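Trainee: Protein chains in written order, with this note's numbering: chain A, 82 to 296; chain B, 82 to 296.
Just so it is clear, CB atoms sit at the ideal spot from N, CA and C, and this is done for glycine as well.
Keep in mind the model is a prediction, meaning the values are calculated, not measured.
Protein chains: 2
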Amino acid sequence: MSRTRVHNFSISLDGFGTGEGLSLEQPFGHAGHRLHEWMIATRFGAPIMGRNDGTSGVDNSFAQQHEPGIGAEIMGAGKFGPPGWQDDPDWRGWWGSNPPFHTPTIVLTHRPRPPIEMEGGTTFHFVEASPADALAAAREYANGRDIRIGGGPTVVRDFLAAGLVDHLHLVQVPIVLGRGVRVWEGLEGLEADYDVEVVSAPSGVTHLTFERRLL
Amino acid sequence: MSRTRVHNFSISLDGFGTGEGLSLEQPFGHAGHRLHEWMIATRFGAPIMGRNDGTSGVDNSFAQQHEPGIGAEIMGAGKFGPPGWQDDPDWRGWWGSNPPFHTPTIVLTHRPRPPIEMEGGTTFHFVEASPADALAAAREYANGRDIRIGGGPTVVRDFLAAGLVDHLHLVQVPIVLGRGVRVWEGLEGLEADYDVEVVSAPSGVTHLTFERRLL
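1) Please report the straight-line C-alpha distance between A/R132 and A/F205, rounded to a whole angstrom.
2) Using the beta-carbon of each residue, which ones in chain B are nearer than 8 Å to A/V277?
3) Checking the sheet assignment: what are the DSSP bridge partners for B/Q253?
4) Within this structure, are the beta carbons of A/G126 and A/A112 separated by less than 9 Å?
5) From B/V239 to B/P212, what distance separates their C-alpha atoms?
6) Alpha carbon to alpha carbon, how far is B/I197 from B/M156?
7) Counting Cβ pairs, one atom from each stretch, are 3 or more of them under 8 Å apart for the region 257-273 of chain B and the region 255-274 of chain A?
8) In three-state terms, what does DSSP make of A/P108?
9) Kindly confirm or deny that the region 97-105 of chain B and the region 239-248 of chain B touch, where touching means at least three C-beta pairs closer than 8 Å.
10) If we call anything under 9 Å between Cβ atoms a contact, is A/G231 one with A/E118?
11) At 9 Å on the CB atoms, spell out the chain A contacts of B/G259, in chain order.
12) Start and end of the beta strand (DSSP E) containing B/A153?
13) Decide if B/P180 is buried, meaning its Cβ has at least 16 other Cβ atoms within 10 Å, or exposed.
14) Is the CB-CB distance between B/A217 and B/P185 below 9 Å?
15) Apart from the five residues on each side of it in sequence, which residues of its chain come closer than 6 Å, Cβ to Cβ, to B/D227?
16) Flag A/G96 as yes if its beta-carbon sits less than 9 Å from any beta-carbon of chain B, otherwise no.
17) In whole angstroms, what separates the C-alpha of A/F182 from that of A/T203?
18) Spell out the partners DSSP gives B/L189 in its beta bridges.
19) In the DSSP output, which residue or residues are listed as bridge partners for A/V87?
20) Is there at least one Cβ from chain A nearer than 9 Å to B/S83's Cβ?
21) Report the partner residues of A/I230 according to the DSSP bridge assignment.
22) Given that A/V78 touches chain B, what residues does it touch there, using C-beta distances under 7 Å?
23) Go through its chain and collect everything with a Cβ distance to B/R220's Cβ below 8 Å, but skip five positions before and after it.
24) Checking the sheet assignment: what are the DSSP bridge partners for A/T184?
25) Should A/L105 be flagged as near chain B, meaning a C-beta pair shorter than 9 Å?
26) Can you tell me which of the three DSSP states B/E272 falls into?
27) Compare the beta carbon distance of B/T190 and B/A242 with 9 Å and say whether it is the shorter of the two.
28) Under 7 Å Cβ to Cβ from B/W172, same chain only, skipping five residues before and after it: list those, please.
29) Quick one: residues in its chain with C-beta nearer than 7 Å to the C-beta of A/M130, no 5 flanking neighbours on either side, listed in chain order?
30) In the DSSP assignment, find the unbroken alpha helix (DSSP H) run with B/R97 in it and report its ends.
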């Protein structure tokens, strides 16, 4: 059965998945890169910065789970570009000509546009849909493989609230962001449906995995 | 130098230090005892439930730090009793005749009353004061020993915001409470003044220690 998975989703101690004041220059707002330094330090993440070194311990082991078995991604409009990207007909995402998704990728937006086929297997499909309908569309694309819910925080929260996430991997970074978009809002009692495992890493981050209980 | 310390302060994943709907029957509101089960399971905490067993690993090692070197505690009105205790002249706290403080204990309240001397060394002093003034008073009582900031979440937050906490030990319990009193509010960038260490325990909780950096 195709599962829905969230991977490498970083949050601050106070539960913010991104900062305030997102822009082209500051994709994560005042959070800067602090939520993602842990990942860039791994073998998985180092190529993002054009390096080929990186750590190979617990952070990397988690980070590597991002790819295997995924047949499609669903992301929010806020992940695809800075505020206002919908007004720019040439915007093709942050990731250059070969984005790191390599599968059909649904971008949830209130202003759909024609699909964009990129190099490396990524095709962006722009869809206005509820979480359940977006998931149904993604399953069509995924051919039996799993669906990654790619964020940002609002999309992760919406899919959690709709009961549509089977595996949730959060990475808690020991900073207090103070403002931004909270991932936990409206999820009281979430743990009741999941087996939760928590492990702190030598890097200072803490990995939380929520695995949906079989009924 | 006398230091200010917070110990065994439990929070939910979403940062709530207590639930909603506090009452005589439900001291922690809808959170029930879920924030403190980890502590009751330790050798330190077992006597609270009239037992003398309990675990002796990492949770217990942290929990035991609550007592040594402490000369006074400061707590908020919300810790001393249920909402409205100020209207009951006979209210002497939740803890029976021999409270587990064994030192002078300042209760911050807008309605001071005469001190109450309990068994076992605890004397409750009811004081209306700013965090800094309450701390100055506590240092008088503490005779060079450390001051424990006992909570609840509002008091911990107020002392953190005032820069008056030297050692902060939080225990993150893997539940999403959804509502209650948040400890992180208004503390953006707190980590800049502290060395932070995080360790997850086999029980499922995660211990976070903030140790103030020497300037």
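Mentor: The structure says:
1) 27 Å
2) Under a criterion of Cβ atoms nearer than 8 Å, the residues of chain B adjacent to A/V277 are, in order, P255, G285.
3) DSSP links B/Q253 through a beta bridge to B/I92, B/T287.
4) no
5) For the sequence presented, residue 239 of chain B should be read as Asp rather than Val. Straight-line Cα distance between these residues: approximately 7 Å.
6) 15 Å
7) With a cut-off of 8 Å on Cβ pairs, the region 257-273 of chain B is in contact with the region 255-274 of chain A, counting three or more such pairs.
8) coil
9) The region 239-248 of chain B and the region 97-105 of chain B do not touch, with fewer than three beta-carbon pairs separated by less than 8 Å.
10) no
11) W265, E266, G267, L268, E269, G270, L271
12) B/A153 -> beta strand (DSSP E) spans 151-157.
13) buried
14) No, the Cβ-Cβ distance between B/A217 and B/P185 is not below 9 Å.
15) S83, R84, R86, G150, I151
16) yes
17) Approximately 6 Å, taken between the alpha carbons.
18) B/G157, B/V208
19) A/L249
20) For B/S83, the answer is no, since every Cβ of chain A falls outside 9 Å of its Cβ.
21) A/I155
22) Absent from the structure is residue 78 of chain A, since the part of chain A shown begins at 82 and ends at 296.
23) If we look at B/R220 and ignore the five residues flanking it on each side, its Cβ neighbours are S83, A153, I228.
24) A/T184 is not bridged to any residue.
25) no
26) helix
27) no
28) G162, W166
29) Short of 7 Å from the beta carbon of A/M130, and not among the five residues preceding or following it, lie these beta carbons of its own chain, in chain order: I121.
30) Here residue 97 of chain B is Phe; the residue named in the question, Arg, does not match the sequence. Run containing B/F97: none in the alpha helix (DSSP H); it sits in the beta strand (DSSP E), 97-99.
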